[in-house]
Amino acid sequence: MTQFPRDRFDDLPRVARVGAHRAQPRRGRGWITFAWWVLAVIALTLAGLFALSRLSDQVSFEFPVIGQTQAPAEPTPTEPEVQPVTDPSTLGPEVSITVLNGTGTTGLAGAVGDRLTAEGWPIGSRTNAAQTDVETTTVYYGTPADEALARGLVLALGFGDVAQSDAFPGATVTIVLGADSVPDA
39 MTQFPRDRFD DLPRVARVGA HRAQPRRGRG WITFAWWVLA VIALTLAGLF
89 ALSRLSDQVS FEFPVIGQTQ APAEPTPTEP EVQPVTDPST LGPEVSITVL
139 NGTGTTGLAG AVGDRLTAEG WPIGSRTNAA QTDVETTTVY YGTPADEALA
189 RGLVLALGFG DVAQSDAFPG ATVTIVLGAD SVPDA
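Numbering of the sequence shown is given in the working numbering, commencing with residue 39 and proceeding in unit increments.
Written out as structure tokens, the structure reads:
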């Protein structure tokens, strides 16, 4: 291996700047770098939150826009109230009503079904719902034409809400009894 004689360049300290016309580093330069990092983190966080609010319905952020005011909302016209069917004798033979017990109370669907049958409502099956922790009784109807029937059943029960759903295709109207239908002991 070739051996070179030592010269003045072999003994230079590693930290000294030699050979380039460099100025001394300015003081406080580290704060500028830190500020850029903080700004980048804030910008990325806001961009992520904005994207999350647009992609998911579960997260909603309202970002205020400076200088804009919202116009007052115009009142929406209310839909005409559907007149409930209160006379079960006007129902056709194709109407079927299912009563589901959505509580842990044994025999509730049968008791409510018997009461409605005694009043003349065409109750079909009475059974337990898949869930036993339903809080509010809901009368589900499949088509908008059956809403009047569902509202009439809510009046006959004396409690509950009405909702349109395709979850119960086996009956015209399905009553899912909730905790509000359990008689106080």
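Glycine included, C-beta positions come from ideal geometry on N, C-alpha and C. Everything numeric in this text was worked out from a predicted model, so none of it was measured.
Where residue 174 and residue 119 are concerned, what is the direct C-alpha to C-alpha distance, given to the nearest angstrom? C-alpha separation (whole angstroms): 22 Å.
For residue 167, tell me which candidate among 42, 41, 131, 215 has the shortest Cα-Cα distance. Ranking the options by Cα distance to residue 167, first place goes to 215.
Taking only three categories from DSSP, how would you classify residue 199? The answer is strand: DSSP assigns residue 199 an E or B state.
How long is the line joining the alpha carbons of residue 140 and residue 219, rounded to whole angstroms? One C-alpha to the other measures close to 10 Å.
Does DSSP put residue 193 in a helix, in a strand, or in coil? In the three-state reduction of the DSSP assignment, residue 193 falls in the helix class, which pools H, G and I.
What is the rounded straight-line gap between the Cα of residue 78 and the Cα of residue 67? If I take the Cα positions, the gap works out to 17 Å.
Out of 136, 64, 123, state which residue places its alpha-carbon closest to the alpha-carbon of residue 210. For the residues 136, 64, 123, the minimum Cα distance to residue 210 belongs to 136.
What is the DSSP secondary structure of residue 206, reduced to helix, strand or coil? The three-state secondary structure of residue 206, taken from DSSP, is coil.
Give me, in chain order, the residues of the same chain whose beta-carbon lies closer than 7 Å to that of residue 148; leave out the 5 immediate sequence neighbours on both sides. Result list for residue 148: 164, in chain order.
Ordered along the chain, which non-local residues of its own chain (more than five positions away) have a Cβ less than 7 Å from that of residue 127? Taken in chain order, the residues that qualify are 158.
Quick check: the Cα distance between residue 203 and residue 80, rounded to an integer number of angstroms? Distance between the alpha carbons of residue 203 and residue 80 is about 44 Å.
With C-beta atoms as the reference, is residue 188 less than 8 Å away from residue 172? No, Cβ-Cβ distance for residue 188 and residue 172 is not below 8 Å.
Cα separation between residue 186 and residue 133? Each residue's alpha carbon lies about 13 Å from the other.
Can you give me the C-alpha to C-alpha distance between residue 213 and residue 183, rounded to a whole angstrom? Pairing residue 213 with residue 183, the inter-Cα distance amounts to about 17 Å.
Selection from 49, 207, 47, 195 that minimises the alpha carbon distance to residue 181: When each option's Cα is compared against that of residue 181, the closest is 207.
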